[in-house]
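Below: one structure, written as structure tokens.
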Amino acid sequence: MKNKKKDIRALTKKQLQEFFVENGDKSFRGSQVYEWLWSKGAHTFEEMTNISKQTRTMLAENFVINHIRVDQMQRSSDGTIKNAVKLHDNLTVESVLIPTPTRTTACVSSQVGCSLDCQFCATARLKRMRNLNPDEIYDQVVAIDNESRLYFDRPLSNIVFMGMGEPLMNYNNVMKAVEKITSDEGLGMSAKRITISTSGVPKMIKKLADDEAKIKLAVSLHAATDEVRTKIMPFNETFPLEDLREALEYWYSKTKSRITYEYIVWKDVNDTRKDAMALVRFCKYVPCKVNLIEYNPIDDGDFQRASSQATDMYQQLLERNGITVTVRRSRGKDIDAACGQLANKSAS
Ligand code: SAH
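Going by our numbering, the sequence shown wraps up at 348, each residue one higher than the last.
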């Protein structure tokens, strides 16, 4: 029976106001409760002290607040924090706080497990259990904002959807969470500080462009020929580079927002000059920059990090062709919090 109760945070403000009117109260009561749920982050109805006891009991009879719980927090020697987040149905996802001298970035999950099958990624080994709800995504951000204030004395400054899951395969919920994060009734953050990272789902990239969400886009490219990309990211067979290219051109024509390509160089996979030249050519299609990411080995993984000469070769070729490139060192490796390492392993 208890599952019959509805998650109150699945309701929009308008729906909540209507609920109160239908129950003989004022629509204003809906706004008050909405504020408790979102701006004040209430975990229980009892906390809503300006709502009468009778109304709180009535709410508890009809609804639940499915709040996430940070089950375990691990801190890396470099300051990175990883949260193991328990969901109401006992599943777990992970989110990460990455501090630098000038910013705090939250890396959040969008699915439990992942729908895709990237061969080098630890999350891909977990099958996709379910999509996260908007409030579960929002709660991860709030938890990291609180930790940022507590441990670093400043609010969260940036958000990247680079945790578990493929955000564009949980599009509606991710966008609802973004709406909440950016609205004044939520965290009031600027959309420009939010990056959605995708393995490259062409149709959804176009939809994102049409929806004018004002967020930044990153694409996990890792190879710029279909031959190599299909080997390491098998879904490339379904969404080949030509389709991705077309979607990215569409994105740029609509948004004028530069794309970030994430790219790992592996030994004997994509470490030749030919591979690097293919990337240079791909980068000419749409204004972009490249993040060369350090590979974080995963257990029993077949992939090995390329030599530093290979990474240097990439960097030089890109720079010589006028493409901005950054070499990214990993953070939080000692607690399995780095890119591609999120797989619900805990310290114990
Ligand atoms: N599905 C989305 C969001 C996940 S982001 C996407 O693919 O973009 C996770 C990022 O970490 C991606 O860029 C992914 O390619 C990268 N990654 C995955 N496994 C990794 C590993 N073992 N080492 C370093 N980066 C990895």
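Heads up, the beta-carbon is just placed ideally off N, CA and C, and yes, glycines get one too.
For residue i, does the three-state DSSP call read helix, strand or coil?
{"i": "Cys283", "result": "helix"}
{"i": "Ser348", "result": "With a pLDDT of 41 at Ser348, under the threshold of 50, the predicted position of this residue should be treated as unreliable, though the coordinate-derived value follows. Three-state DSSP puts Ser348 in coil, outside helix and strand."}
{"i": "Glu262", "result": "strand"}
{"i": "Met350", "result": "An answer regarding residue 350 cannot be provided, because it is not within the stretch 1 to 348 covered by the chain."}
{"i": "Glu31", "result": "Inspection of the sequence shows that residue 31 is occupied by Ser rather than by Glu. Helix at Ser31."}
{"i": "Glu227", "result": "helix"}
{"i": "Ser199", "result": "coil"}
{"i": "Ile144", "result": "helix"}
{"i": "Glu94", "result": "strand"}
{"i": "Asn270", "result": "coil"}
{"i": "Arg343", "result": "The residue asked about is misnamed: residue 343 is Ala in this sequence, not Arg. In the structure shown, Ala343 sits in coil (DSSP, three-state: anything other than H, G, I, E or B)."}
{"i": "Lys180", "result": "helix"}
{"i": "Arg154", "result": "coil"}
{"i": "Ile349", "result": "Since the displayed the chain opens at 1 and closes at 348, residue 349 lies outside it and no answer follows."}
{"i": "Glu47", "result": "coil"}
{"i": "Asn296", "result": "coil"}
{"i": "Ser253", "result": "helix"}
{"i": "Lys13", "result": "helix"}
Starting from the C-beta of residue i, find all residues in its chain whose C-beta is less than 6 Å away, skip the five residues before and the five after it, and write them out in chain order.
{"i": "Ile298", "result": "Ala122"}
{"i": "Lys2", "result": "Low per-residue confidence applies at Lys2: pLDDT is 46, beneath 50, and the placement is therefore not dependable enough to give any value."}
{"i": "Val327", "result": "Leu292"}
{"i": "Leu59", "result": "Phe45"}
So what does residue i bridge to, in DSSP terms?
{"i": "Pro99", "result": "Thr104"}
{"i": "Gln111", "result": "Asn131"}
{"i": "Arg329", "result": "Arg329 pairs with nothing; no bridge assigned."}
{"i": "Asn83", "result": "Met73 and Ser95"}
{"i": "Asp7", "result": "Val64"}
{"i": "Val219", "result": "Thr198 and Tyr261"}
{"i": "Asn291", "result": "Glu262 and Thr326"}
{"i": "Arg245", "result": "DSSP lists no partner for Arg245."}
{"i": "Arg305", "result": "Trp266"}
Using CA coordinates, which residue listed in the options is at the minimum distance from residue i?
{"i": "Lys6", "options": "Tyr261, Glu242 and Asn62", "result": "Asn62"}
{"i": "Val393", "options": "Ile51, Leu37, Met169 and Ser77", "result": "The chain is shown from 1 up to 348; residue 393 falls before or after that span and cannot be answered."}
{"i": "Asn170", "options": "Pro202, Arg130, Pro155 and Ser190", "result": "Arg130"}
{"i": "Lys40", "options": "Tyr261, Val201 and Leu187", "result": "Leu187"}
{"i": "Thr102", "options": "Gly30, Leu156, Ser197 and Thr255", "result": "Leu156"}
{"i": "Arg125", "options": "Lys203, Glu136, Asn133 and Gly113", "result": "Gly113"}
{"i": "Lys216", "options": "Ala276, Ile194 and Lys86", "result": "Ile194"}
{"i": "Tyr295", "options": "Ile137, Ala213, Asn133 and Asp271", "result": "Asp271"}
{"i": "Ser110", "options": "Gln119, Ala337, His67 and Met164", "result": "Met164"}
{"i": "Leu97", "options": "Leu150, Ala306, Thr260 and Val201", "result": "Leu150"}
{"i": "Tyr261", "options": "Glu246, Asp268, Lys214 and Phe282", "result": "Phe282"}
{"i": "Leu279", "options": "Leu292, Lys267 and Asp268", "result": "Leu292"}
{"i": "Ile259", "options": "Ser220, Asn236 and Lys274", "result": "Ser220"}
{"i": "Val141", "options": "Asp336, Cys107 and Arg329", "result": "Cys107"}
{"i": "Tyr34", "options": "Gly24, Phe19 and Asn23", "result": "Phe19"}
{"i": "Val201", "options": "Phe235, Asn23, Val174 and Ala177", "result": "Phe235"}
Please report how far the alpha carbon of residue i lies from the alpha carbon of residue j, in whole angstroms.
{"i": "Lys353", "j": "Asn158", "result": "Because the chain spans 1 through 348 in this model, residue 353 falls outside it and cannot be assessed."}
{"i": "Arg331", "j": "Ile51", "result": "44 Å"}
{"i": "Ser199", "j": "Ser257", "result": "18 Å"}
{"i": "His222", "j": "Val265", "result": "7 Å"}
{"i": "Gln316", "j": "Met277", "result": "11 Å"}
{"i": "Gln15", "j": "Lys180", "result": "15 Å"}
{"i": "Ser348", "j": "Glu94", "result": "With a pLDDT of 41 at Ser348, under the threshold of 50, the modelled position of that residue is not reliable, and the figure given next carries that caveat. Roughly 15 Å between the two C-alpha positions."}
{"i": "Ile137", "j": "Thr311", "result": "34 Å"}
{"i": "Ser31", "j": "Asn133", "result": "21 Å"}
{"i": "Tyr252", "j": "Arg245", "result": "11 Å"}
{"i": "Thr55", "j": "Lys192", "result": "39 Å"}
{"i": "Tyr314", "j": "Phe28", "result": "59 Å"}
{"i": "Phe120", "j": "Lys333", "result": "16 Å"}
{"i": "Ala224", "j": "Arg273", "result": "12 Å"}
{"i": "Pro167", "j": "Ile196", "result": "7 Å"}
{"i": "Gln309", "j": "Asp302", "result": "21 Å"}
With respect to 7 Å, is the separation between the Cβ of residue i and the closest non-hydrogen atom of the ligand NAD below this value?
{"i": "Ala10", "result": "What this structure holds is the ligand SAH, not the ligand NAD."}
Residues in the same chain with beta-carbon distance under 7 Å from residue i, minus the five sequence neighbours each way, listed in chain order, please.
{"i": "Phe152", "result": "Pro99 and Thr104"}
{"i": "Thr255", "result": "Ala209"}
{"i": "Pro240", "result": "Asp226"}
{"i": "Asn213", "result": "According to the sequence provided, residue 213 is Ala. The question's Asn does not apply to it. Excluding sequence neighbours, Ala213 sits near Met175, Val178 and Ala191."}
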